[in-house]
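Notes follow the structure.
There are 2 protein chains.
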Amino acid sequence: MNGRSILRDVAEAAGVSLRTASRVLNDDHRVAVETRRRVQEAMLELQFQPDAMARSLRAGTDATIGLIVESVADPFFSALIEAVETAATTAGLSVLVASTHRDSAAERRIVDRMLQRRVAGLLIAPTGDDHSWLARTSTSVVFVDRGADGPETDLVGIDDHGAAATAVSHLLSHGHRQIGYVGDTPAIATSRARLAGYRDALAGHGVSVSSQLIRSDCATVASAASATAALLDLADPPTAILSAATRCSLGVVPTLHAQGRTDIALVGFGDFAMADTLRPAVTVIDHSAAEVGRAAAARLLARIADPALAAEHIQLPVRLIERGSGEQRP
Amino acid sequence: MNGRSILRDVAEAAGVSLRTASRVLNDDHRVAVETRRRVQEAMLELQFQPDAMARSLRAGTDATIGLIVESVADPFFSALIEAVETAATTAGLSVLVASTHRDSAAERRIVDRMLQRRVAGLLIAPTGDDHSWLARTSTSVVFVDRGADGPETDLVGIDDHGAAATAVSHLLSHGHRQIGYVGDTPAIATSRARLAGYRDALAGHGVSVSSQLIRSDCATVASAASATAALLDLADPPTAILSAATRCSLGVVPTLHAQGRTDIALVGFGDFAMADTLRPAVTVIDHSAAEVGRAAAARLLARIADPALAAEHIQLPVRLIERGSGEQRP
DNA sequence: CGACGGCATGCCATCGATGGCAAAGACCCG
DNA sequence: CGGGTCTTTGCCATCGATGGCATGCCGTCG
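If you read the protein sequences in the order shown, they are chains A and B.
Following our numbering, the numbering of the first sequence begins with 1 at its first residue and continues without gaps.
Following our numbering, the numbering of the second sequence begins with 331 at its first residue and continues without gaps.
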């Protein structure tokens, strides 16, 4: 039916040059009132829509930010995405999402593809440790949730070490000494920090750390479930458990319920649906994904506006929500 | 440090024309072996990455699909997004996401923006009823979850009417006659179909429908919670409830638990975390978001490949997962 | 030895918009 | 009335890659 109309058509219809039509489109003030009116009329008439590709090519950058996470479906990341998307839309930018599924080769491919698209900026919760591509691009990048160890790039996340330590101290103060740890692999910076927080809190209270109680190999709900079952089977089982990721909690909690061992104290990292409806309701460390997303997006927008900004590590506060499970005594 | 290199640089470095370098880039067979080698060497040397914008401009379409949903953070949609993203990535396409938050003006803006970007295709779970823009574009569009009432466009979703009827029949067969309905607004086609399925199943079994038992105004978790409380307060309260959306279940279930009324039979639309850990575990109709996403993406890719395809409505099967809550008798 | 076919390569235009510069017209002032 | 300034408008080149057509070179065959 309609071939879409281009700016040239508008210009011809209005009897002006392409350049003048372009000026009207961009609200350039140096256009006579009458001319502007004619051009605008023609634009409406022809239902003109500017071509974003052409603009991007000319501008050298695309009005889009790339968001790379581990999994789009993960509750933490999906909440984060929503916050980022809201901020981006407000700023007139679109959002490209992609999941790495912890495959660092896939991550590299995704990063390359986004850079080829000349995204205005990149938000990334990295999987791999190889961030050498950073040196090869001038695109604005902000790490989110976890990231480069070095201080040369922006990072927006939470105080994982402190949060884990807080959780452990909470359990210690309720009389626990045998505290199990169910968490994700230390290959992920975030998990590493949480495990360190766990260890340091125990050590700080003079409690010895038993490696039997530490299961830091739970990348999936299923592995967290079986790790929990294994902890319960120990000769000297834990009286409390720190679940160091929401994903882990989704395995730990059902296992405790299935085995009728809800007497075991539990603090989970990350809030989740129904956490306060279960009996006992689950005490969690809430690290608001939306807050992290908002802050990361704000930081990225600032960096896009001024690429010369000094790198910064932003840590958002977390809060312990006492609901019952974490306040049980041995 | 490095300004990125462009194809012209590669051509110069290899001592060939731009056109030849372009041929190598596109695996055109009409290039001498030796020349190809030189050009490829130059590409590696200069770390050449083709500019996606320029290609898109030339091609007239962008290697991207747009995905427009109500909320990126909604569990149903986030699972759907992940499936779509996986399929798209496999096909070499990127994914732009956006949330409408049920604002049809926002939806229009988002659609316009995506069309301006010349996305290769659009997947949309529409909020508004005005799909007149469809006529004005030649972009491939597939509706997902809900959509145009007419048969002129593709729609991938589930049999909402049948699924709701199944759930109601299930409750009826367990002796319930007072069945409450907590669902979203009938303004959404999906909700409308579910409510109709509820009514038709009741009518089909000769049970009269009481409008007091129907709360179809629950767009949020909080409103579902208060609607549930109101149902319980009725002079003639329901002995069973059909929660017609996952979001609603997240309000219904905590309310039943908080009021100690877990004796009320419940069937929920959409599975959710911890549904089988709660006591009683929650019987649900599982409509796999991932399945819907996969099918919708496959359909869109097919349509992009062949825009002349006849429109089709695809309904994916659902299954009733009996866990206990829906099998309780009055 | 000349004509012709096929392969490899190159030049130019093009996608749609915008930046730089110049020109044309209006207007003012001396 | 001429020269200068300001406003409005237009032409051309450009962003980076690819399509169409032309050209040059080689071999082959009559």
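Just so it is clear, CB atoms sit at the ideal spot from N, CA and C, and this is done for glycine as well.
None of these values were measured; they are calculated from a predicted model.
Among the candidates Arg299/A, Glu291/A and Leu316/A, whose CA atom is the shortest distance from the CA of phenylalanine 77/A?
Glu291/A
I want to see whether chain A comes within less than 8 Å of isoleucine 651/B, judged by CB atoms only; does it?
no
For the stretch 236-294 of chain A, which segments carrying the beta strand (DSSP E) assignment without a break, of at least 3 residues, lie completely within its bounds, in sequence order?
240-243, 265-269 and 283-286
Taking only three categories from DSSP, how would you classify arginine 323/A?
coil
What are the uninterrupted segments assigned as alpha helix (DSSP H) that are 4 or more residues long and contained completely in the stretch 448-503 of chain B, given in chain order?
490-503
Look at valine 512/B and arginine 545/B and say whether their C-beta atoms are less than 8 Å apart.
yes
Given proline 238/A as reference, the closest of Ile264/A, Ser94/A, Ala245/A and Ala244/A once Cα atoms are compared:
Ile264/A
Neighbour list for aspartate 62/A in chain B, Cβ cutoff strictly below 8 Å:
Met383
Under 9 Å by beta carbon: chain A residues contacting serine 352/B
Going along chain A, no residue has its Cβ under 9 Å from serine 352/B, so there is no contact; the nearest lies around 16 Å.
Please name the residue, chosen from Val16/A, Gln49/A and Ala245/A, that lies closest to histidine 272/A on a Cα-to-Cα basis.
Looking at the sequence itself, residue 272/A is phenylalanine, so the reference to histidine does not match. Here the closest residue by C-alpha is Ala245/A.
Could you round the C-beta distance between serine 429/B and glutamate 82/A to whole angstroms and report it? I think they count as a contact, below 8 Å.
6 Å
Using a C-beta to C-beta distance shorter than 9 Å, which residues of chain B count as neighbours of glutamine 315/A?
What glutamine 315/A touches in chain B: nothing, since even the nearest Cβ is about 23 Å away.
Output yes or no for whether 8 Å exceeds the beta carbon distance between arginine 653/B and glycine 505/B.
no
CB-CB under 7 Å to aspartate 475/B, same chain, minus the five flanking residues each way: which ones, in chain order?
Ala455, Gly487, Thr520 and Val622
Note down the Cα distance separating histidine 643/B from valine 31/A, rounded to an integer number of angstroms.
51 Å
Could you tell me if methionine 1/A is buried or exposed, where buried requires 16 or more neighbouring beta carbons within 10 angstroms of its beta carbon?
With a pLDDT of only 35 at methionine 1/A, under 50, the local geometry of the prediction cannot be trusted, and the value read off the model is given with reservation. With fewer than 16 Cβ atoms within 10 Å of its Cβ, methionine 1/A is classed as exposed.
When the distance is taken between beta carbons, is serine 434/B closer than 8 Å to glycine 451/B?
no
Check whether the stretch 53-62 of chain A and the stretch 379-389 of chain B touch, using three or more Cβ-Cβ pairs below 8 Å as the test.
yes
May I ask you to report which of helix, strand or coil DSSP gives glutamine 315/A?
strand
Distance check for alanine 297/A and valine 84/A, CA to CA, integer angstroms please.
5 Å
If contact is defined by three or more beta carbon pairs under 8 Å, each pair taking one atom from either stretch, is the stretch 36-43 of chain A in contact with the stretch 243-262 of chain A?
no
Please state if the CB of valine 284/A and the CB of alanine 295/A are separated by a distance shorter than 8 Å.
no
Please report how far the alpha carbon of valine 207/A lies from the alpha carbon of alanine 235/A, in whole angstroms.
19 Å
Distance cutoff 8 Å, beta carbons only. Does threonine 277/A sit that close to anything in chain B?
yes
What is the rounded straight-line gap between the Cα of alanine 436/B and the Cα of valine 472/B?
19 Å
Counting only Cβ pairs nearer than 9 Å, list the residues of chain A close to aspartate 442/B.
Gln49
Can you tell me whether threonine 550/B is buried or exposed? The criterion is at least 16 other CB atoms within 10 Å of its CB, across all chains shown.
exposed
Endpoints, alpha helix (DSSP H) assigned at serine 99/A
First-last for serine 99/A: 94-99, but that is the beta strand (DSSP E), not the alpha helix (DSSP H).
Can you tell me whether glycine 180/A is helix, strand or coil according to DSSP?
strand
Check each residue of the stretch 409-434 of chain B: if its Cβ is closer than 8 Å to any Cβ of chain A, include it; give the result in chain order.
Ala409, Ile411, Glu412, Glu415, Thr416, Thr419, Ser424, Val425, Leu426, Val427, Ala428 and Ser429
Distance, glycine 345/B Cα to asparagine 332/A Cα:
Within the shown structure, residues of chain A are numbered from 1 to 330, placing residue 332/A beyond reach of any answer.
Nearest chain B C-beta to histidine 287/A closer than 8 Å, yes or no?
no
Where does arginine 329/A sit, in a helix, a strand or coil, going by DSSP?
coil
Listed by chain order, chain B residues near alanine 222/A by CB distance under 9 Å
Within chain B, no residue comes near alanine 222/A; the closest Cβ sits about 14 Å away, beyond 9 Å.
Using only the alpha-carbon positions, how far apart do leucine 96/A and arginine 108/A sit?
15 Å
Histidine 461/B at chain A interface by Cβ criterion, 8 Å
no
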